[in-house]
Each structure stands twice: as structure tokens, then as C-alpha cells.
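Each residue of the sequence shown is one higher than the one before, starting from 401 at the first, in my numbering.
We put the beta carbon where it would ideally sit given N, CA and C, even for glycine.
Given the structure is predicted, the values throughout are model-derived calculations rather than measurements.
The structure appears below as C-alpha cells.
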Amino acid sequence: MGPRNTYFLVFILVALIANGVRAAQHVVGGSQGWEESTDFDSWASAQTFKVGDQLVFKYSSGLHSMVELPNENAYKNCDIGTALDSKNSGNDVVKLTKPGTRYFACGTLGHCGQGMKVKITTVAGNAPSTPASPSSSSSSSSSPKSTSTSAALNSRYSIAAIFVLVASLVSSTLLLSLS
401 MGPRNTYFLV FILVALIANG VRAAQHVVGG SQGWEESTDF DSWASAQTFK VGDQLVFKYS
461 SGLHSMVELP NENAYKNCDI GTALDSKNSG NDVVKLTKPG TRYFACGTLG HCGQGMKVKI
521 TTVAGNAPST PASPSSSSSS SSSPKSTSTS AALNSRYSIA AIFVLVASLV SSTLLLSLS
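Here's what the structure looks like:
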């Protein structure tokens with residue numbers, strides 16, 4: 401592999417890793433998770449959701465589930481029979497792939513009507529995602545897990561990016577010295 405190909409490969413890897421660094425992982429409901437007692441409206445309003453971010457629904461499997469509803473009407477009326485998707489693992493991840501509004505509710509009978517639903521508006525742009533910190537929302541809707549998860553992921557991606565960059569440069573230097 402010539403030096404130009406090596407530098408191109410390094411550039412592509414760094415760009416891919418850098419994209420991952422900007423993404424955030426939002427634990428829906430913050431420290432309380434996907435539970436009936438959580439104020440999802442307050443939690444969601446304290447967040448900035450960007451394309452590439454992930455929602456993580458953490459809950460007791462068997463007690464709750466997560467369904468994605470097709471529109472605001474289904475969301476307002478808790479019409480879970482029209483669900484686009486349904487998950488029940490207790491640790492469900494949904495990637496936000498495009499700007500717009502998405503609607504989620506608990507699929508357990510009666511839970512949506514009791515407020516176990518959330519509307520997520522995803523934006524495009526270059527500003528970093530902002531999972532709520534304990535100081536930016538009330539204690540019932542704070543999300544220290546979301547913040548620490550995002551920070552840990554960003555740190556791991558940064559370390560990985562540096563490692564890949566250094567390893568690639570060292571290997572390309574060795575290859576050049578051998579030829």
C-alpha cells in the first residue's frame with residue numbers, strides 16, 4: 401500500500417470515528433428510565449436530539465415494552481395498535497437517523513394513557529447533542545446516566561481515534577522505510 405493510500409485510509413477512519421464522537425446516547429427518562437413515574441415531557445424538553453444519536457429504553461422486561469407510533473394522532477390517543485415497531489428486551493436502542501418527530505409509548509395496556517409516552521424531535525446540524533445534566537432539569541427528570549454514558553462513549557471513541565491514527569502513521573512510516 402502506497403503512502404497516499406495509507407493517508408487516505410487514515411483520513412477515512414478518523415472521519416468515521418469522529419462522527420461517532422459527536423453522537424450521544426440518551427437513556428429515555430434519565431436515571432429513572434422507561435417507568436410510569438417519569439415525567440417524559442420534562443425529560444425530553446431538556447434534551448437536544450441530533451441525527452446519529454441513540455435512544456436507550458431501559459425498563460423491566462415483562463412489565464413494560466416500547467412501541468413506536470406512526471404519528472401525533474396515534475400518540476395523543478395512545479393508539480398502540482398502529483405501532484410501527486415494538487420492542488420488549490428491557491434495554492432497547494433506537495437510532496435517530498433523520499430529522500423530524502418520532503413518537504414512542506409503552507405497549508403495556510393502560511400505561512400510555514397514564515403518561516408513559518414520549519415525543520422526540522430530532523434536529524440536523526453540527527452542534528453537539530446535549531443529554532440533560534442534573535443541573536439543567538428537575539431531579540425527577542435528570543439524566544446522569546445519559547450524560548455519563550455519552551461522555552464515556554466520547555472518551556472511548558477519542559482514544560480509539562488517536563490509537564488508529566498513531567498506528568497508521570507508524571505502519572506507513574515503517575512501510576516507506578522498507579521500500
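When DSSP states are grouped into helix, strand and coil, asparagine 491 belongs to the strand group. The Cβ neighbour count for glycine 462, taken over all protein chains shown within 10 Å, is under 16; the residue is labelled exposed. Positions of the beta strand (DSSP E) runs, each at least 3 residues long and wholly inside the stretch 419-446, are given as 425-427 in order along the chain. Annotation for lysine 487: Met466 place their beta carbon closer than 6 angstroms to its own, counting only its chain and skipping 5 residues before and after. Comparing C-alpha distances from leucine 469 to each of Ala567, Thr522, Gly430, Cys512 shows the shortest one belongs to Cys512.
The alpha-carbon of lysine 519 is positioned some 14 angstroms away from that of isoleucine 480.
CA-CA distance, threonine 482 to serine 489, rounds to 20 angstroms. Note: aspartate 485 is bridge-paired with Glu468 in the DSSP secondary-structure output. Using a 10 angstroms sphere on the CB of aspartate 485, the tally of other CB atoms stays under 16, which defines it as exposed. By the beta-carbon neighbour count (other beta carbons within 10 angstroms, threshold 16), threonine 497 is exposed. Assigned with DSSP and collapsed to three states, valine 523 falls in strand. Within the same chain, Gly452, Asp453 come within 6 angstroms of alanine 423 by CB-CB distance, once the 5 residues on both sides are set aside. Within its own chain, the residues whose Cβ lies closer than 6 angstroms to the Cβ of phenylalanine 440, once the five positions on either side in sequence are excluded, are Val518, listed in chain order. Assigned with DSSP and collapsed to three states, tyrosine 459 falls in coil, not helix or strand.
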